[in-house]
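Notes follow the structure.
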Amino acid sequence: MTDNVEQKDIEDLRERFLNRDFDEKEFEISAEKTISYARLCGETADRFLDENHPDFQASSTFVASLSGRRVLPQDFPKMGLGMDAGKGVECLQPVRPGKKLIGRTHVHDIYTKTGRSGRMVFAVSRIEFYDEDGNHLANSDSRVVMREKSK
Amino acid sequence: MSIATLSDVEFGVELPTFEPDTSLKTVGTFAELVGWGGARFSDHEAARKEGLAGAMVPGILSQGYLVAMIHQWAPPAEIKKIDTVFRAPVIADEPHAINGVVTDIDDEEGLVEVDITVTNEKGETRVFGTASVKLPQ
Chain A
346 MTDNVEQKDI EDLRERFLNR DFDEKEFEIS AEKTISYARL CGETADRFLD ENHPDFQASS
406 TFVASLSGRR VLPQDFPKMG LGMDAGKGVE CLQPVRPGKK LIGRTHVHDI YTKTGRSGRM
466 VFAVSRIEFY DEDGNHLANS DSRVVMREKS K
Chain B
3 MSIATLSDVE FGVELPTFEP DTSLKTVGTF AELVGWGGAR FSDHEAARKE GLAGAMVPGI
63 LSQGYLVAMI HQWAPPAEIK KIDTVFRAPV IADEPHAING VVTDIDDEEG LVEVDITVTN
123 EKGETRVFGT ASVKLPQ
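In order, the protein sequence lines correspond to chains A and B. Residue numbering for the first sequence follows this note's numbering, starting at 346 and increasing by one per position. Residue numbering for the second sequence follows this note's numbering, starting at 3 and increasing by one per position.
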């Protein structure tokens, strides 16, 4: 298969799946949970550990622990064994425990890398988190890598 | 030196190493807290039966250690963005070092870029990435 044909299938996937919400889920975030999370990570700042602190908030990467119902759309093709290749978090506004979060998931990026063992396809699944007033608080990206089966 | 403002930060400086609590008890408690209760995070023998070197630290806990290290270096730091690559498993009950180095300073935006790593006792990088951190001017 030529490079052009290989990239054509990725272009088709991008056209079909990018930036289309395929999941929505609500999350109830308790102070008890975010405090435990922060403590286990080694945070020592009161704004993460003290519920009475005026700037009390979940630790910066807490949203990475929240999962939607699916990582990729139901009809996304199986291109090989999927593995967790990494995570990213973008913090736009503090996440306040005790308030409801709404997470909407879409495929944010699809790209490839080619190594000695062949082509690997990466899909970035992004959950955008909003509060009940529609304020965009954070993004959590999960990178899934699929090593293609030998042809 | 604890960092309070952007002007305290020097390009290329290494952040103080943070030694995280990777004990099996902490790792198992964390996994259960986030709903990932499974033997691979709480039982070395069971994890070995799955082909792992031992019970694993969840990737998001490694990410949490990295952020805690930044906050201990600069208490007022706001993490704006963090991106981590899980190169190899971090094994519970093994000592690891959490390190960072300042690779960029944006005076206008008040942002500092930090390259971050989790390494084991052999000096092998298990997790790496970058963080973008906002500091008071």
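Just so you know, even glycine gets a beta-carbon here, dropped at the ideal spot from N, CA and C.
Residue pairing from DSSP leaves Asn480(A) without any beta-bridge partner. The distance from the Cβ of Ala70(B) to that of Phe20(B) is about 7 Å, consistent with a contact at the 8 Å cut-off.
For Gly425(A), the secondary structure class from DSSP, reduced to helix, strand or coil, is coil. Per DSSP, the continuous beta strand (DSSP E) segment holding Gly448(A) begins and ends at Lys445 to Gly460.
The closest CA to that of Asn397(A), considering only Gly448(A), Asn364(A), Glu377(A) and Leu363(A), is found on Glu377(A). By the criterion of at least three beta-carbon pairs nearer than 8 Å, the region 481-493 of chain A is not in contact with the region 5-13 of chain B. By the beta-carbon neighbour count (other beta carbons within 10 angstroms, threshold 16), Lys432(A) is buried. CA-to-CA, the gap between Glu493(A) and Gly125(B) works out to about 31 Å. In the DSSP assignment, Tyr67(B) forms no beta bridge with any residue.
Straight through space, the alpha carbons of Arg50(B) and Ser381(A) are spaced by roughly 28 Å. Under DSSP, Tyr475(A) takes part in a beta bridge, and its partners are Ile447(A) and His481(A).
Annotation: the continuous alpha helix (DSSP H) that includes Ala41(B) extends over Ala41 to Ser44. With the rule of 3 Cβ pairs closer than 8 Å, the region 445-457 of chain A counts as touching the region 359-369 of chain A. In this structure, DSSP gives His398(A) a state outside helix and strand, which the three-state scheme calls coil. For the options Arg464(A), Glu477(A), Asp486(A) and Lys444(A), the alpha carbon positioned closest to that of Asp354(A) is the one of Arg464(A). For the region 102-117 of chain B, the set of residues with a beta-carbon nearer than 8 Å to any beta-carbon of chain A is empty. Taking a contact as a CB-CB distance under 8 Å, the pair Asp429(A) and Val489(A) counts as one, their CB atoms being some 7 Å apart. Listed along chain B, no residue sits closer than 8 Å to Ala403(A) by beta-carbon distance, the nearest being about 11 Å off.
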